[in-house]
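Presented below is the structure to which this report refers.
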Amino acid sequence: MELLTPRLHLREFKEDDWHFTNLYESEEEVMRYQTAEVRNSKESLEYIKVCLEEAKEYPRTLFDLAIVLKTTSMLIGRVGMKVDYDAEEAVLWYILNRTYWNKGYTSEAAAALMKYGFEELHLHRIWADCDPRNVGSYKIMEKLGMRREAHFKENIFIKGQWCDSYVYAILDHEWRQRNSS
């Protein structure tokens with residue numbers, strides 16, 4: 001699977017991409033609000049292997065794609081969705097190398113994957129969640145046209161502490177209306 005945007009190439013991971021994913025997965029600041037801990041090289045490789053195996057399933061439910069800059073072919077992050085076909089919805093996520101933060105790459109990649117979800121997979125709803133302290137993440141969700149549906153108090157225990165969660169979502173007809181204008 002491949003998706004192209006004006007600046008990005010979203011593609012399946014290759015096993016040796018762990019060299020690039022570990023650049024950000026080994027950084028405390030990048031992994032701060034992730035459920036996963038900072039990863040070593042072996043853990044980054046294992047994560048990619050799991051993604052590659054899950055991508056072979058039919059029907060495919062996991063879409064975890066490398067975000068690659070077209071100009072330099074540099075892998076700078078990942079964007080993904082886990083689809084629940086029975087509910088006609090998917091959960092969206094993203095993570096980016098800190099060097100490339102605040103340049104619009106994450107929202108560009110996520111928008112392309114959302115378009116695929118609504119147009120090709122015929123999903124009814126796409127949602128995402130984040131820690132409310134992760135302002136950058138929920139600003140991306142808002143930029144994508146998602147609306148805040150919930151603020152859960154201390155609903156998840158991550159890295160030794162109870163954390164809140166914001167839940168954002170967008171429905172298919174909201175997405176179509178937003179993208180038709």
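Residue numbers (UniProt numbering): 1 to 181. By construction, the Cβ of each residue, glycine as well, lies at the ideal position given by its N, Cα and C atoms.
What residue from the options has the CA that sits closest to residue i's CA?
i	options	result
I158	E54, D84, W175 and V38	V38
L23	L8, L4 and E43	E43
T5	K49, S107 and E54	S107
L144	V50, G136 and L10	G136
E119	M81, W175, M141 and S73	W175
I170	D164, I156 and E142	E142
L121	A150, V83 and W101	V83
T99	F13, L92, M114 and I76	I76
How would you call residue i, buried or exposed, if buried means at least 16 neighbouring beta carbons within 10 angstroms?
i	result
V79	buried
V50	exposed
N97	buried
R125	buried
W162	exposed
Y58	exposed
A87	exposed
T72	exposed
To which residues does DSSP link residue i through a beta bridge?
i	result
H9	L4 and V68
L171	R125
M161	In the sequence on display, residue 161 carries Gln and not Met. For Q161, which the question treats as bridged, DSSP gives the partners I158.
Point to revise | Length-filtered (3 minimum) beta strand (DSSP E) runs lying within the region 87 to 132 | key: 89 to 96 and 125 to 130
Review point. In chain order, which alpha helix (DSSP H) runs of at least 4 residues are fully inside the region 20 to 65?
Key: 28 to 31 and 41 to 55
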